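Just add 327 to the spot in the sequence shown (first one is 1) and you have our numbering.
In this text, a Cβ means the ideal position worked out from N, Cα and C, and glycines have one as well.
Only a predicted model underlies this, so the values are computations on that prediction, with no experimental measurement involved.
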Amino acid sequence: MGLAPGPDAWILSIGNELLIGRVVNTNMAWLGRKLTLLGYRVRGGLIVPDSVQDIAWAFRTVTNRGARVVVSTGGLGPTFDDKTSEGLAKAMEVELVVDERALEMIRRKYGGALTEHRVKMARIPRGGKPIPNPLGTAPGVEVEWRGATIFLLPGVPVEMKAMFESYVEPRLRELESRPYLSEAFLKVLGLPESELAPVLDRAMKLSDAIYIKSHPRGPELGVHTVELHITASGRSVEEAEKELRKALAFLEEKLRERGARVASLSTVG
């Protein structure tokens with residue numbers, strides 16, 4: 328899928344474990360896909376260590392570059408190296424405050440027992456609001472800053488995904504108008520990518536709403552194999568699907584004229 332023509336989004340991943348290769352950053356790939364399907368243009372992602380200075384730098388950097396949405400993962404827990412809220416507060420030049428709503432979420436998780444380290448998870452940048460965590464203990468945070476809506480989510484993938492789908496995704500649908508997207512996948516057998524390229528160029532010139540990405544998969548039983556990912560955007564679902572059908576019809580006709588075999592892998596509206 329190409330970059331969506333919608334508002335700019337950035338993804339931040341916080342954690343030493345990501346930089347040293349101890350943990351594979353699956354969160355960034357998952358979020359990139361979700362944000363794109365929601366019509367946001369994912370302009371980039373940053374991975375930074377558990378350092379207040381580096382975290383603050385990351386938030387300043389992406390907001391300086393015009394981010395409308397920022398989603399960060401990691402660094403919200405009770406331990407000494409959980410510093411995301413502190414880093415964001417430093418960037419914003421505001422205080423970290425104990426949010427009573429977040430404190431109540433944590434109190435319910437632990438049956439009323441609060442310790443210093445548990446209270447730490449309720450400290451958020453002044454002006455922010457907590458995001459419920461249905462599967463874990465650390466609340467997320469939503470805050471507005473420099474024209475961006477910023478969401479802080481835990482780094483544990485199952486918690487992050489649950490919070491994104493239950494809270495962040497509905498919020499993103501409310502924020503501003505975005506294009507609708509439709510996509511399809513074709514498998515092309517019998518032509519190398521270099522011979523596909525002229526056809527792809529012509530297909531993309533049919534409309535500014537069409538984007539095609541080719542993925543060579545290597546010889547399959549001695550036959551050149553390339554998968555095509557076709558994306559179309561529009562002001563409505565119907566418009567996006569119409570553009571997609573136009574591109575697919577053109578591709579299938581022109582590729583078969585060149586002797587290729589073309590199979591549809593799947594289509595997602």
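How big is the Cα-Cα spacing for residue i and residue j?
i	j	result
residue 450	residue 365	30 Å
residue 427	residue 457	9 Å
residue 438	residue 466	16 Å
residue 492	residue 350	23 Å
residue 452	residue 537	41 Å
residue 488	residue 500	16 Å
residue 532	residue 359	26 Å
residue 381	residue 417	10 Å
residue 586	residue 545	18 Å
residue 594	residue 555	Low confidence applies to residue 594: its pLDDT is 49, below 50, so where it sits in the model is not reliable, and the reading given next is rough at best. Residue 594 and residue 555: Cα-Cα distance of roughly 12 Å.
residue 505	residue 498	13 Å
residue 338	residue 389	9 Å
residue 591	residue 436	48 Å
residue 424	residue 363	33 Å
residue 444	residue 341	19 Å
residue 333	residue 442	43 Å
residue 568	residue 539	15 Å
residue 474	residue 503	12 Å
Is DSSP giving residue i helix, strand or coil here?
i	result
residue 516	strand
residue 382	helix
residue 349	coil
residue 554	strand
residue 577	helix
residue 400	strand
residue 494	helix
My assumption, with CB atoms under 8 Å, is that residue i sits in contact with residue j. Please give the rounded CB distance.
i	j	result
residue 421	residue 454	6 Å
residue 518	residue 582	7 Å
residue 515	residue 553	5 Å
residue 433	residue 464	6 Å
- prompt: Does the pairing of the region 501-516 with the region 553-562 give three or more beta-carbon distances under 8 Å?
  reply: yes
field: Validate contact between the region 470-481 and the region 393-401 using beta carbons, cut 8 Å, 3 pairs
entry: yes
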